[in-house]
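Numbering (our numbering), first residue to last: 92 to 558.
A virtual CB, placed ideally from N, CA and C, is assigned to each residue, including glycine.
Since this is a predicted model, take the numbers as computed values, not measurements.
Below is one structure, written out as structure tokens, with a few remarks after it.
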Ligand SMILES: Cc1cc2nc3c(=O)[nH]c(=O)nc-3n(C[C@H](O)[C@H](O)[C@H](O)COP(=O)(O)OP(=O)(O)OC[C@H]3O[C@@H](n4cnc5c(N)ncnc54)[C@H](O)[C@@H]3O)c2cc1C
């Protein structure tokens, strides 16, 4: 790697999640001396994987990455990850929904759609009507995802399909999530054609015409932590300071920025040409920026980021009655069950469980029931075990259990989110040399965050008078 400590340009990256590491990697490759400050003892943010000596692989945060961006594919090529990517197999395309306590497969063919008991006859008919009629009047203001879909397809589609899918992606509440910001493709689909379904089909056609690759659900044999590990490995060893929290980014002479940090044993400060902030909302809100008493991003404290808990349960195959022939199951709120859903982790990618065993990841909490994301570990595990018992016919003790709680898991792009985006823009404009990116701004999916890191680096390199 070509990062050079004598380079006249020194850039600080605050936050060693995938966004910050990607930005740092790209800057270092361009010959910039970078320094990454990460408060936690390891890089990667929630992208954390454990490999046990007896053959289990446990993801405690994200379980899969939807690779749908040419820039991110290029990044994986550069990092040498592309040939090693695991692509979720055919059976992982199958998804299950719970209806009246039954686990039912989502239809994947027109014939299965007509016969599925998941949707009423009327709800099925709404699909055809929506395709033909769409929505006649142009929309001007933002609406919630629930309103957008209900207007096109009726409330049954919201309750049965949209709400659990929104739980699966954002752990969010579709009546509060902004259609424009949380699901920009759906928003664009309506803007383009007046019909959500036609618009989505058009968007897919456009992607194909542009030669964009088909989206693939991927991971790595060593798990998703392999991504931050690969990025970090390409930075000089001294470029990353873990266990080092940044408390202030203050104006210094000649348009530079002074970064004040503290670790368990010491405090310090260093001066940089520019600073990239790749932090979660709460950390941005707390950060002193400009002068020691100024907190221009304090309003971001109001961004809802509800807790989510992940419980991994490992069983012998013969303890589980369900074939686990899919991605996992999602649970509509109206089923009144205490979990968000279950991922069939060992079906999704190979090498997640020892031979003759299976791994399940149960998610709890989110915007509709944040208190469940904060249950004491023993209670969360008990709930998870009861639910997989009832839904998947799991019997007996798990051979392996892991619990991880994320108190502020995923920022909710709720209605009114543009006010936070404007605050970010204003702070960048009034503090030249500070650039902000990551899941608070660019999308919450891993792919969006990797792309955000590439964009941050590009913007830093394009700054006028960047030294
Ligand atoms: C439980 C869970 C499951 C998820 N599942 C999926 C999934 O399956 N697929 C998917 O695509 N996405 C998933 N996501 C979302 C995705 O993981 C995140 O959006 C993404 O990792 C965010 O990356 P980031 O670099 O922008 O932020 P982060 O990873 O949050 O990085 C920010 C870093 O800043 C550090 N930091 C905070 N304050 C300071 C400070 N003052 N000084 C220095 N460092 C600081 C933090 O420790 C952190 O490492 C999931 C998220 C969670 C929590």
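Ranked by Cα distance from residue 337, the options 370, 274, 429 and 541 are led by 370. For residue 284, the enclosing alpha helix (DSSP H) begins and ends at 275 to 284. Residue 551 is classed as buried because its beta carbon has at least 16 other beta carbons within 10 Å across all chains shown. Relative to residue 363, the option among 345, 183, 510 and 521 whose CA is nearest is 345. Take the alpha-carbon of residue 104 and the one of residue 426: they are about 44 Å apart. Beta-bridge partners of residue 193 (DSSP): 190.
Within the chosen limit of 8 Å, ligand 1 reaches the beta carbon of residue 154 through at least one heavy atom.
If you check the C-beta of residue 100 against ligand 1, you find no heavy atom less than 8 Å away.
Below 8 Å, too few C-beta pairs join the region 444 to 452 and the region 383 to 396 to call them touching: fewer than three. In this structure, residue 181 has its CB at a distance of at least 8 Å from all heavy atoms of ligand 1. The Cβ atoms of residue 194 and residue 413 sit closer than 9 Å to each other. By the Cβ rule, the region 226 to 241 does not count as touching the region 463 to 476, because fewer than three pairs are nearer than 8 Å. For residue 217, same chain residues with a beta-carbon under 6 Å away, outside a window of 5 residues either side, are 244 and 245 in chain order.
For residue 359, the uninterrupted beta strand (DSSP E) segment begins and ends at 358 to 363.
Between residue 398 and residue 500, the CB-CB gap stays under 9 Å. A contact is defined here as three or more CB-CB pairs under 8 Å, and the region 203 to 222 meets this definition with respect to the region 237 to 256. When the beta-carbon positions are compared, residue 111 and residue 129 come within less than 9 Å of each other.
The beta carbon of residue 179 sits closer than 6 Å to the beta carbons of 308 and 439 from its chain, once the five residues preceding and following it are set aside; these are given in chain order.
For residue 402 against residue 494, the beta-carbon gap comes to about 5 Å, under 8 Å, which counts as contact. At a cut-off of 8 Å, the beta-carbon of residue 110 counts as near ligand 1: some heavy atom of the ligand is closer than that.
Remark: C-beta atoms of residue 528 and residue 554 do not approach each other more closely than 9 Å. With a cutoff of 8 Å, residue 204 does not count as near ligand 1, since its C-beta is closer than that to no heavy atom of the ligand.
Annotated three-state conformation of residue 259 is helix, per DSSP. Taking 8 Å as the cut-off, the C-beta of residue 454 counts as close to a heavy atom of ligand 1. The closest heavy atom of ligand 1 lies less than 8 Å from the beta carbon of residue 338.
At least 9 Å separates the beta-carbon of residue 187 from that of residue 368. With distances taken between CA atoms, residue 332 lies nearest to 353 out of 192, 353, 430 and 118.
Within the model, the alpha-carbon separation for residue 310 versus residue 343 is close to 42 Å. The DSSP-derived three-state label of residue 141 is strand. Counting every other CB atom within 10 Å of its CB across the protein chains shown gives residue 488 a total below 16, marking it as exposed. By the criterion of a C-beta distance shorter than 8 Å, residue 424 is surrounded in its chain by 250, 254, 255, 258 and 459, once the five residues flanking it on both sides are discounted.
Between residue 247 and residue 211, the CB-CB gap stays under 9 Å. In the DSSP assignment, residue 177 is bridged to 310. Around the beta carbon of residue 150, a 10 Å sphere encloses 16 or more other beta carbons of the protein chains shown; the residue is thus reported as buried. Our two residues, residue 116 and residue 491, have alpha carbons roughly 36 Å apart in a direct line. If you draw a 10 Å sphere on the C-beta of residue 144, you find fewer than 16 other C-beta atoms in it, and that means exposed.
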